[in-house]
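The next block holds one structure in the form of structure tokens; read it before the comments.
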Amino acid sequence: PPTRKYNTKLRLGRGFTFEELKKAGISRHFAQTIGIAVDHRRRNKNVEAMQQNTQRLKEYRAKLILFPRKASKPKKGDSKPEEIAVASQAKGLLLPIKHIPIHPEKARVPTEEEKKYSCFVALRTARMNERYDGIRRKRAKEMAEDPEAAKMAKDKNAKAKKAKK
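Numbered according to our numbering, the sequence shown spans residues 58 to 222.
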């Protein structure tokens with residue numbers, strides 16, 4: 058696996074996802090005309106990364122000065138003549154990714170509660186709760202409706218299990 062030095066480094070990707078563009082209020086076709094790379098294969102797996110990319114897109118859109126195709130007939134999204142007059146060509150990386158330094162936790166002695174905790178048991182319990190959720194709800198509903206009939210059914214099931222053994 059890569060070391061911490063390289064693993065924590067954020068890199069520029071091939072483009073923004075459709076979801077990021079949508080959150081920033083930019084259509085995918087318009088994005089390509091104003092110099093934003095679009096990657097249709099990428100999926101957002103991380104909410105924080107998506108929010109960060111959306112923020113970068115919004116900043117880019119705010120700083121962008123769009124020249125009208127026809128100077129005599131500017132359209133809705135075009136910049137104002139004052140902005141166009143002071144426009145200059147940007148060079149280098151536009152809106153680079155801001156690197157946030159990661160400070161690892163210092164080693165400490167685990168508490169009694171942490172020592173007693175078992176991931177295996179926790180996962181196993183969660184799996185069993187998920188598995189038996191439906192039948193438990195059904196039994197609780199039956200018990201609420203008719204407690205006597207539910208007890209009879211429970212006793213019947215217990216006897217059937219004993220007979221199998």
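Just so it is clear, CB atoms sit at the ideal spot from N, CA and C, and this is done for glycine as well. Source: prediction; values computed, not measured.
By DSSP, does residue i sit in helix, in strand, or in coil?
{"i": "Phe75", "result": "helix"}
{"i": "Val104", "result": "helix"}
{"i": "Tyr63", "result": "helix"}
{"i": "Gly134", "result": "coil"}
{"i": "His160", "result": "coil"}
{"i": "Lys218", "result": "helix"}
Using alpha carbons as the reference points, say which of the options lies closest to residue i.
{"i": "Ala94", "options": "Phe87, Gly72, Ile83 and Gly134", "result": "Gly72"}
{"i": "His156", "options": "Leu67, Thr60, Ala220 and Tyr63", "result": "Leu67"}
Please report the distance separating the alpha-carbon of residue i from that of residue j.
{"i": "Lys148", "j": "Leu121", "result": "13 Å"}
{"i": "Pro204", "j": "Lys211", "result": "11 Å"}
{"i": "Ala161", "j": "Asn64", "result": "Here residue 161 is Pro; the residue named in the question, Ala, does not match the sequence. Whole-angstrom Cα-Cα distance: 13 Å."}
{"i": "Pro154", "j": "Arg118", "result": "Strictly speaking, residue 154 in this sequence is Ile, with Pro absent from that position. Ile154 and Arg118: Cα-Cα distance of roughly 16 Å."}
{"i": "Pro131", "j": "Pro125", "result": "5 Å"}
{"i": "Ala106", "j": "Gln89", "result": "21 Å"}
{"i": "Lys221", "j": "Lys195", "result": "24 Å"}
{"i": "Glu199", "j": "Ile192", "result": "10 Å"}
Which partner residues does residue i have in the DSSP bridge list?
{"i": "Val95", "result": "Phe73"}
Any contact between the region 66-78 and the region 110-122? By contact I mean 3 or more CB pairs, one from each, below 8 Å.
yes
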